[in-house]
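Student: Residue numbers (this note's numbering), protein chains in the order written: chain A, 79 to 225; chain B, 79 to 225; chain C, 79 to 225; chain D, 79 to 225; chain E, 79 to 225; chain F, 79 to 225; chain G, 79 to 225; chain H, 79 to 225. In this text, a Cβ means the ideal position worked out from N, Cα and C, and glycines have one as well. All of these numbers come straight from a predicted model, not from anything done at the bench.
There are 8 protein chains.
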Amino acid sequence: MTLSVYLSGEIHTDWRQQIIDACQEQNLSVSFSSAVTDHQASDAAGDMLGAEDNSFWRDHKSAKVNAIRTKTLIESCDIAIIRFGDKYKQWNAAFDAGYCAALGTPYITLHDEAIIHPLKEVDAAGLAWATSPAQVVEILKYVASQG
Amino acid sequence: MTLSVYLSGEIHTDWRQQIIDACQEQNLSVSFSSAVTDHQASDAAGDMLGAEDNSFWRDHKSAKVNAIRTKTLIESCDIAIIRFGDKYKQWNAAFDAGYCAALGTPYITLHDEAIIHPLKEVDAAGLAWATSPAQVVEILKYVASQG
Amino acid sequence: MTLSVYLSGEIHTDWRQQIIDACQEQNLSVSFSSAVTDHQASDAAGDMLGAEDNSFWRDHKSAKVNAIRTKTLIESCDIAIIRFGDKYKQWNAAFDAGYCAALGTPYITLHDEAIIHPLKEVDAAGLAWATSPAQVVEILKYVASQG
Amino acid sequence: MTLSVYLSGEIHTDWRQQIIDACQEQNLSVSFSSAVTDHQASDAAGDMLGAEDNSFWRDHKSAKVNAIRTKTLIESCDIAIIRFGDKYKQWNAAFDAGYCAALGTPYITLHDEAIIHPLKEVDAAGLAWATSPAQVVEILKYVASQG
Amino acid sequence: MTLSVYLSGEIHTDWRQQIIDACQEQNLSVSFSSAVTDHQASDAAGDMLGAEDNSFWRDHKSAKVNAIRTKTLIESCDIAIIRFGDKYKQWNAAFDAGYCAALGTPYITLHDEAIIHPLKEVDAAGLAWATSPAQVVEILKYVASQG
Amino acid sequence: MTLSVYLSGEIHTDWRQQIIDACQEQNLSVSFSSAVTDHQASDAAGDMLGAEDNSFWRDHKSAKVNAIRTKTLIESCDIAIIRFGDKYKQWNAAFDAGYCAALGTPYITLHDEAIIHPLKEVDAAGLAWATSPAQVVEILKYVASQG
Amino acid sequence: MTLSVYLSGEIHTDWRQQIIDACQEQNLSVSFSSAVTDHQASDAAGDMLGAEDNSFWRDHKSAKVNAIRTKTLIESCDIAIIRFGDKYKQWNAAFDAGYCAALGTPYITLHDEAIIHPLKEVDAAGLAWATSPAQVVEILKYVASQG
Amino acid sequence: MTLSVYLSGEIHTDWRQQIIDACQEQNLSVSFSSAVTDHQASDAAGDMLGAEDNSFWRDHKSAKVNAIRTKTLIESCDIAIIRFGDKYKQWNAAFDAGYCAALGTPYITLHDEAIIHPLKEVDAAGLAWATSPAQVVEILKYVASQG
């Protein structure tokens, strides 16, 4: 079994790379995917189909183009990691968690202790809460082991 | 057809009551449900099963008790209204939106123009964005009409 | 059993009313629903949420508001009647047929012999092809009978 | 991830080939499928099982044989491209769009500005509207990128 | 709970009536449905949509009209009773059993000991095998009891 | 909303009656169902279809007749209460918990502290652990409240 | 795409081999599976788990062991071929057809003209009726073609 | 076809290894998976995310981490073997059986005659009952054969 892992949420720190690197170093049987994490490219995803004056529709068009990718990846992953950082609204991360919960896809949240309370519903529907990429790697190692 | 509508999100303003009252005044064939909106009762939902020292587990236990209710209501509603106010993280509202999206349940978001950008993924998977309870009522009136 | 029947397609002739009236006269245990069939109201459904300059987005917004209603009704009906007239593109009717086919909801098409060939895929996934509202009524009477 | 893309609709121009060629040139990790696009072969698909006098049943038989193929391919694709040209009824394309919508399969429509209005329901349930094969290729490139 | 029971199979003896009468006498909370059991009416179901020369297509058309009814009833029943008599092929009864098995709908078979062997796959996927209508009634009484 | 609650597990104490009585006293909008709880009747459920010499097949036949009832009730309930007492294997209760977990049906376990460890997988997939019928009633009251 | 084809029904003629050989000769991208077709081995499948005195239970046990195989294969195939010969009851073939119909798996029936009438429900839910293995091969060739 | 087999239940005897070894010796096309079977590692699975004082929460956290693995494996297996030994509560094995039953995944139970009665519900929903690893291997050999 190769575990397929979707990495959702925060794009301003290198948590994705830390997890991917550590799993590779340990030769874990895990593959990774995520949304396009280049912020500007992501915001401009809909511009490929023509410019928009109205900022709501520009966002709308881009979000839908991004959804082509994320919907496909989330629906086919085995496990999702949902990361909440200390900045921004990050509603898309909570949205992904809800999406996984409804599909029955197991997910692990990754966030600091400071935001336990506002994330209680998100954590309650997940299967583990980690506070560091290293912990996530430990869990993936355990889950992907020969048993 | 009686439309069953789930009201998710912000609990600090009276948007729920405004929608319910206006629908009743107009005799719309709509019924409403929502999470327990008494903040303290909701946070203490798990305490009925014994106190917890650790705040993570207290939150966890309460969130799970609340999920018994919200999961049942969201899965049986026809339409959800997802409200984002101008305060707090409100990750539970975005979680509910993701849950609805995965189930294919239509939802309407209700929020100000100021937060269009961080809500673009949530809006993209919804079927309408309203900026006032009155607009939500207009939509419900249209949707529940005899046609 | 009260059969719940969704009436999809053409809005420029009175085929819906003919079917509804005949079923009522014969006291059949059938209830009917459909999209909002007032053409102007339907095209303007999104305007309740604010005007749009761009005609694509006006259409988009209205189509999504209408989808809140049609999605709910189609997903809960027992049988759909899909009507194709002799004018206009009527892609929404074919879209509804495909939607029903994927859900496994039985549907009856209602159209003239002249358009058999372009409708062959739509007819192939349906369970009956009628050429008049009277025939549809006969089928509904048979299906809803005590047996 | 190799994206599996189903190409639905118009068979009288070379839009399929344009998309396939451009994706190959750019080495995108995308595979393509579609209905049998040889018009005569498709219309005669049922003749392999014996000739029919009645044109309705000839069409019916052929459409069902074609459905063996298209149902299997649509249900297993990740993304569909739904193309509407400027001729013919093309109800099968709209049918495929409805089928994808019910399954939750993301689709991109490909059509001219002239037919925005009659396609508004089809576009509303899709995730992007492109006006040229080149735009579709750009989207596929973005969606299939390493992120 | 009112159990909804679908009665499938043999139409040449009065087993349906025996079960219905006995359940009514005992005031069981059970409702019944079945295909149209008037043989001639059932074979002619498609004739309402125009006559057919070819007997295959006449049968096909009628079988599809009947499927509008049976599909709806089978998919909404709680329990099916599948009756095999000692005459005819009765492939439709076995078809209904397979349909129920795939849906996870519990069914009880009703047949003589003489045909145990050819029905072994059908019995294996069912939850009970009865040899008389009276036994079926006993089971329904037990299943619908207050417990 | 009337909550439909399935009561699974131990049949040797009066925990069911305690919950039902307390909910009735408090006029909660809750309805209850359960397997046939008369031990002897349950073990003999298959005897209605003829006696068996072999005890494996007698048990098998009875268990399947009981499954007609329990499968229907579990699949239609909103919430299950899974009770583990201090005697017997009670594998059927754990089986019901796994069944609910796979369906996504929320359940509450009811058991003493002494058996936390062997029930950890069952508790982990549930939404609450209660130690007394009174606690279950409190939760049901909260969940079924007007909010 | 390699089409996965399940061959159900009659085991007394070589129709399976004819189809498999012809597809291999033509290098079609098709793989085949079926139930164990050795009649005696199939009837004795349950004997591996101990002998039974009672012939009903012997059949039952064997049918269930066979179901481990057939259920897995039918649920994972793309297309089923359902063959009815001129002998025996063949209820298992009709059962498989009903199973496929409920799953939405396309199937082709293979039978003589003589049994059109008793197979009308089975044919109505299928996508093609062939009268010879050669016709089945032609259809598979068409369906598996590059298009 | 490579059958994917999940081995659930008892971890104190070498039944898993016996089955795996015998299948390998006979070159069966079968792959195996199971929960982490190192008792201590399994109980400590949650400790990777921080220690817990409260034994309920320690168990809970570990059970959830284990569920990431078991949920993924059970949902993707073709067949499960559910083993009950003569010691301990083994509620997790019965839980897995219920989970499989709800998913429609075929399972084989493996247990002694002494515990037939308390396992009757679990056996009734399974497709075979074996009393030795050798019997399980025989069944797997039969199921995975070329037919």
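Using a Cβ-Cβ distance cut-off of 8 Å, determine whether residue 207 of chain C contacts chain A.
Tutor: Closer than 8 Å: no.
Student: Can you tell me the Cα-Cα spacing of residue 165 of chain A and residue 112 of chain H, whole angstroms?
Tutor: The straight-line gap from Cα to Cα measures roughly 40 Å.
Student: Go ahead and label residue 120 of chain G buried or exposed: buried means 16 or more other beta carbons lie within 10 angstroms of its beta carbon, across all protein chains shown.
Tutor: Flag for residue 120 of chain G reads buried.
Student: Taking only runs of the beta strand (DSSP E) that begin and end inside the stretch 146-220 of chain H, which ones reach a length of at least 3 residues, in chain order?
Tutor: Fully enclosed beta strand (DSSP E) runs of 3 or longer: 157-161, 185-188 and 206-208.
Student: Mind checking who residue 127 of chain F pairs with in its DSSP beta bridge?
Tutor: Bridge partners of residue 127 of chain F: none, in fact.
Student: Would you say the stretch 99-116 of chain A touches the stretch 127-142 of chain A, given that touching needs at least three Cβ pairs under 8 Å?
Tutor: No contact exists between the stretch 99-116 of chain A and the stretch 127-142 of chain A.
Student: Determine the burial state of residue 90 of chain H: buried for a count of at least 16 other Cβ atoms within 10 Å of its Cβ, exposed for fewer.
Tutor: Exposed, by the Cβ-count rule.
Student: So residue 120 of chain D is in the beta strand (DSSP E); what residue range does that whole segment cover?
Tutor: Per DSSP, residue 120 of chain D belongs to no beta strand (DSSP E); it is in the alpha helix (DSSP H), 117-121.
Student: In the structure shown, what three-state DSSP assignment does residue 82 of chain F receive?
Tutor: Note: residue 82 of chain F maps to strand in three-state DSSP.
Student: Around the Cβ of residue 168 of chain A, are there at least 16 other Cβ atoms within 10 angstroms (buried) or fewer (exposed)?
Tutor: Burial call: buried.
Student: For residue 114 of chain D, does the three-state DSSP call read helix, strand or coil?
Tutor: DSSP places residue 114 of chain D in coil when its eight states are reduced to three.
Student: Just the chain G side, please: which residues come within less than 7 Å of residue 89 of chain D by C-beta, in chain order?
Tutor: Here the premise fails: no neighbours, minimum Cβ distance about 10 Å.
Student: Between A:123, A:125 and A:170, which has its C-alpha nearest residue 198 of chain B's C-alpha?
Tutor: When only C-alpha atoms are compared, the closest one is A:170.
Student: Return the CA-CA distance between residue 194 of chain B and residue 172 of chain B, expressed in angstroms with no decimal places.
Tutor: The straight-line gap from Cα to Cα measures roughly 13 Å.
Student: Taking just the CA atoms, how far does residue 203 of chain H sit from residue 154 of chain G?
Tutor: Rounded to whole angstroms, residue 154 of chain G to residue 203 of chain H spans 21 Å at the Cα level.
Student: Examine chain G for any beta-carbon lying closer than 8 Å to the beta-carbon of residue 200 of chain H, and answer yes or no.
Tutor: No, its Cβ sits nowhere closer than 8 Å to a Cβ of chain G.
Student: Which whole-angstrom value describes the C-beta separation of residue 182 of chain B and residue 176 of chain D, a residue pair presumed to lie in contact below a C-beta threshold of 8 Å?
Tutor: Wrong, their Cβ atoms sit about 14 Å apart, outside the cutoff.
Student: Out of G:104, G:188, G:137 and G:152, state which residue places its alpha-carbon closest to the alpha-carbon of residue 207 of chain E.
Tutor: Comparing Cα positions, the closest option is G:137.
Student: With a threshold of 8 Å between beta-carbons, can residue 227 of chain D be considered close to chain A, or not?
Tutor: Outside the displayed range of chain D (79 to 225) lies residue 227 of chain D, so it cannot be described from this structure.
Student: Does the separation of the CB atoms of residue 211 of chain E and residue 135 of chain E fall below 8 Å?
Tutor: No, the Cβ-Cβ distance between residue 211 of chain E and residue 135 of chain E is not below 8 Å.
Student: Throw me the rounded Cβ distance for the residue 159 of chain A and residue 81 of chain A pair, which I believe falls under 8 Å.
Tutor: Incorrect: roughly 11 Å between the Cβ atoms, too far for contact.
Student: Roughly how many angstroms lie between the CA atoms of residue 224 of chain E and residue 114 of chain F, to the nearest whole one?
Tutor: Taking the straight line from one Cα to the other gives about 8 Å.
Student: Under 7 Å Cβ-Cβ, which residues of chain H neighbour residue 93 of chain F?
Tutor: Chain H residues near residue 93 of chain F: none, gap ~18 Å exceeds 7 Å.
Student: When the Cα atoms are used, what is the spatial distance from residue 218 of chain G to residue 186 of chain G?
Tutor: Using only the alpha carbons, I get a separation of about 10 Å.
Student: How far does the alpha helix (DSSP H) with residue 88 of chain B in it extend, from its first residue to its last?
Tutor: From DSSP, residue 88 of chain B is part of no alpha helix (DSSP H); its letter is neither H nor E.
Student: How big is the Cα-Cα spacing for residue 220 of chain F and residue 205 of chain F?
Tutor: Taking the straight line from one Cα to the other gives about 14 Å.
Student: With a threshold of 8 Å between beta carbons, is residue 169 of chain H in contact with chain B?
Tutor: Answer no: the Cβ-Cβ gap between residue 169 of chain H and chain B never drops below 8 Å.
Student: Here's a check: name, in chain order, each residue in its chain whose Cβ is nearer than 8 Å to the Cβ of residue 209 of chain D, leaving out the five neighbours to either side.
Tutor: So the list reads 188, 189, 190 and 191, once near-sequence residues are dropped.
Student: Is residue 133 of chain C helix, strand or coil when you go by DSSP?
Tutor: Helix at residue 133 of chain C.
Student: Reducing DSSP to helix, strand and coil, say where residue 140 of chain H ends up.
Tutor: In the structure shown, residue 140 of chain H sits in a helix (DSSP, three-state: H, G or I).
Student: Buried or exposed: residue 129 of chain B, going by 16 or more other Cβ atoms within 10 Å of its Cβ?
Tutor: Result: exposed.
Student: If we count the other Cβ atoms within 10 Å of its Cβ and call it buried at 16 or more, is residue 86 of chain D buried or exposed?
Tutor: Under this definition residue 86 of chain D is a buried residue.
Student: Using 10 angstroms around the beta-carbon of residue 116 of chain A, count the other beta-carbons present and answer buried if the total reaches 16, otherwise exposed.
Tutor: Label assigned to residue 116 of chain A: exposed.
Student: Distance check for residue 84 of chain E and residue 149 of chain C, CA to CA, integer angstroms please.
Tutor: Roughly 29 Å between the two C-alpha positions.
Student: Check each residue of the stretch 137-162 of chain B: if its Cβ is closer than 9 Å to any Cβ of chain F, include it; give the result in chain order.
Tutor: So the list reads 139, 142, 143, 144, 145, 146, 147, 149, 150, 151, 153 and 154, given in the order they occur along the chain.
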